[in-house]
Each structure stands twice: as structure tokens, then as C-alpha cells.
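What follows is one structure encoded as C-alpha cells, with my remarks underneath.
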Amino acid sequence: MTKESMTAAELMAELASDPEYQRKMREKEEARQKKKQVLIEHQKELIAECGEVGVNIKSVWDLVNTSESYHAAIPVLVDHLHKDHESRTIQGIVRALTTHESRGVAFDALVRLFKSTAEGTSELKWLIGAALAESATASDVDVVINLANDESHGRGREFLPLGLIIASKESVLPILQGWTNDPELSKSAKKAIKLLR
Numbered sequence: 001m002t003k004e005s006m007t008a009a010e011l012m013a014e015l016a017s018d019p020e021y022q023r024k025m026r027e028k029e030e031a032r033q034k035k036k037q038v039l040i041e042h043q044k045e046l047i048a049e050c051g052e053v054g055v056n057i058k059s060v061w062d063l064v065n066t067s068e069s070y071h072a073a074i075p076v077l078v079d080h081l082h083k084d085h086e087s088r089t090i091q092g093i094v095r096a097l098t099t100h101e102s103r104g105v106a107f108d109a110l111v112r113l114f115k116s117t118a119e120g121t122s123e124l125k126w127l128i129g130a131a132l133a134e135s136a137t138a139s140d141v142d143v144v145i146n147l148a149n150d151e152s153h154g155r156g157r158e159f160l161p162l163g164l165i166i167a168s169k170e171s172v173l174p175i176l177q178g179w180t181n182d183p184e185l186s187k188s189a190k191k192a193i194k195l196l197r
């Protein structure tokens, strides 16, 4: 039988008996486990501090993937935003702060991180923008507007219009309408207009 006419089951059986393939798969799994352990080691302090406030996790990513409240951990996450963490951990912290529970707690720290993240097209900048929109309060509206109007923030501005839904419709509707033609802001501006009270 030629490889072209081999069934998936036959291919899997062949790979299962191929020592070279099995060695590569073991190496790949060992590398994945090692990377996972390094990430957990880098998060050790964060995990312990979350536990001290009653939020028990094995990784910051546990917070990203939960529907349970973790309001008590928000100040811990904010504190760790500017600590020396591996980039994947920072992404996890930012994603965990992308919740309404971070309102009034995380905004200022996220603004500092947003401004210091130079690359406007980076995934991290984009994630921070989403977290800013979630963490904004009515008193943060002017900051959100200024950040959204600054095109140097590139793709990071995409979700910022959603940070205005906590403001009065009269005060932000004209701004949101003006953003509907901006390639980075348009989609979220239109969504924010629909969500205004």
C-alpha cells in the first residue's frame, strides 16, 4: 500500500511503531512540560499571594479560564503587572484583569503598561487595550479618549471605545460616532454606541 492511499489508522499504527517519531514526540512533550514548569516557577510568588487573599490557583491562567469571582486577587494582579515576569505570565495577568471586577483598581497600572508597551501592533498591547476598556470607570473617560485618539498605539486602541459605555450617552456619543470611520476603532465604537444607556 502506498503512503498516499494509507488510512489514518494505518498511519497512526506506523507512527506508533516508528522509534524516531516516538523519540521526537517524547522530546516535544518533555520540552512542553519543562516550559510549563518554568512558567509555574516564575508565577510562584503570584500564586502564593493570590492564595493569601483566598484565591487558590495553580497558574494565573486559571483566572482567565474561570467564571468564578476573584475580586480579592485583582490588587495582587495589579501589583504583579510591573514585576519581572516572563511575557506569557504578563499576558495571563493582563487577560485576568480583563474583567469588570478590575474597575477602579487596575486602570492606572494598565495605562502605564499600555504606554510603555512600544509596539502598537503587538498582541500584548492589544490585550492591554481590552483590559483598559473593562477596567475604566466614569472618571477615566478622558484618559480612554486620549489613548484611543493617539494613533501611535495602533491595534492596541481597538477595544478602547468600549471603555466609554460607563459614561453618559450625551457626553460620549459624538466621540463614538466620530470613531466609526477609524479602521482601528470602528467595530468597537459601533458596538459601544449600541451598549450606551
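Under the UniProt record's numbering, residues 1 to 197 are what the sequence shown spells out, in order.
For glycine and all other residues, C-beta sits at the position ideal for the given N, C-alpha and C.
As the structure is a computational prediction, the values presented were derived from the model and not from experiment.
Check this for me: beta carbons of His-80 and Glu-52, under 9 Å apart or not?
Along the sequence shown, read from residue 1 onward, the residue named residue 80 stands at position 80. Along the sequence shown, read from residue 1 onward, the residue named residue 52 stands at position 52. It is not a contact, given that the beta carbons lie outside the stated cut-off.
Buried or exposed: where does Thr-99 fall if 16 or more other Cβ atoms within 10 Å of its Cβ makes it buried?
Here the question's residue 99 lines up with position 99 in the sequence shown. Counting Cβ neighbours within 10 Å, Thr-99 comes out buried, since at least 16 surround it.
Is it true that the stretch 52 to 65 meets the stretch 10 to 17, where meeting means three or more beta-carbon pairs spaced less than 8 Å apart?
Cβ pair count under 8 Å is below three, so no.
Might you give, ordered along the chain, the residues of its own chain that have their beta carbon closer than 7 Å to the beta carbon of Ala-72, omitting 5 neighbours on each side?
Residue numbering aside, residue 72 sits at position 72 when the sequence shown is read from its first letter. So the qualifying residues of the chain are Val-53, Gly-54 and Val-55.
Tell me the rounded alpha-carbon separation between Trp-126 and Gly-92.
As a position in the sequence shown, residue 126 is number 126, starting the count at 1. As a position in the sequence shown, residue 92 is number 92, starting the count at 1. Between Trp-126 and Gly-92, the C-alpha separation is close to 13 Å.
Is it buried or exposed, Tyr-70, if we count other Cβ atoms within 10 angstroms and call 16 or more buried?
For this step, residue 70 is matched to residue 70 along the sequence shown. With a threshold of 16 other beta carbon atoms within 10 Å, Tyr-70 meets it and is buried.
Give the DSSP-derived three-state secondary structure of Gly-104 in the structure shown.
Counted from its first residue, the sequence shown places residue 104 at position 104. Residue state, collapsed to three classes: coil.
Which value, in whole angstroms, describes the spacing of the CA atoms of His-42 and Gln-33?
The count along the sequence shown starts at 1 and reaches residue 42 at position 42. The count along the sequence shown starts at 1 and reaches residue 33 at position 33. About 14 Å.
Does DSSP classify His-153 as helix, strand or coil?
To locate residue 153, count along the sequence shown from 1; it is residue 153. Note: His-153 maps to helix in three-state DSSP.
Is the Cβ-Cβ distance between Gly-129 and Gly-156 less than 9 Å?
Counted from its first residue, the sequence shown places residue 129 at position 129. Counted from its first residue, the sequence shown places residue 156 at position 156. Cβ distance < 9 Å, so Gly-129 and Gly-156 count as in contact.
Pick helix, strand or coil for residue 246, following the three-state DSSP scheme.
Limits of the chain in this structure are 1 at one end and 197 at the other, which puts residue 246 out of reach.
Where does Met-1 sit, in a helix, a strand or coil, going by DSSP?
Locating residue 1 in the sequence shown gives position 1, counting from the first residue. A caution first: Met-1 carries a pLDDT of 48, below 50, which makes its placement in the model unreliable, though a value can still be read off. Reduced to three states, the DSSP call for Met-1 is coil.
Taking the alpha helix (DSSP H) that Gln-91 falls in, what are its first and last residues?
Residue mapping note: residue 91 aligns to position 91 of the sequence shown, counting from 1. Looking at the DSSP string, the run of the alpha helix (DSSP H) that includes Gln-91 is 87 to 96.
Under 9 Å, do Lys-115 and Pro-161 count as touching if we go by C-beta distance?
Here residue 115 refers to the residue found at position 115 of the sequence shown. Here residue 161 refers to the residue found at position 161 of the sequence shown. Not a contact, by the Cβ cut-off of 9 Å.
Between the C-alpha atoms of Ser-122 and Tyr-21, what's the straight-line distance to the nearest angstrom?
Residue mapping note: residue 122 aligns to position 122 of the sequence shown, counting from 1. Residue mapping note: residue 21 aligns to position 21 of the sequence shown, counting from 1. C-alpha separation (whole angstroms): 35 Å.
Which one of Glu-30, Arg-88 and Met-25 has the shortest CA to CA distance from Val-64?
As a position in the sequence shown, residue 64 is number 64, starting the count at 1. That would be Arg-88, whose Cα lies nearest to the Cα of Val-64.
Considering only heavy atoms of the ligand FMN, does any lie closer than 8 Å to the CB of Ser-122?
Within the structure as shown, the ligand FMN is missing, as the structure has no ligands at all.
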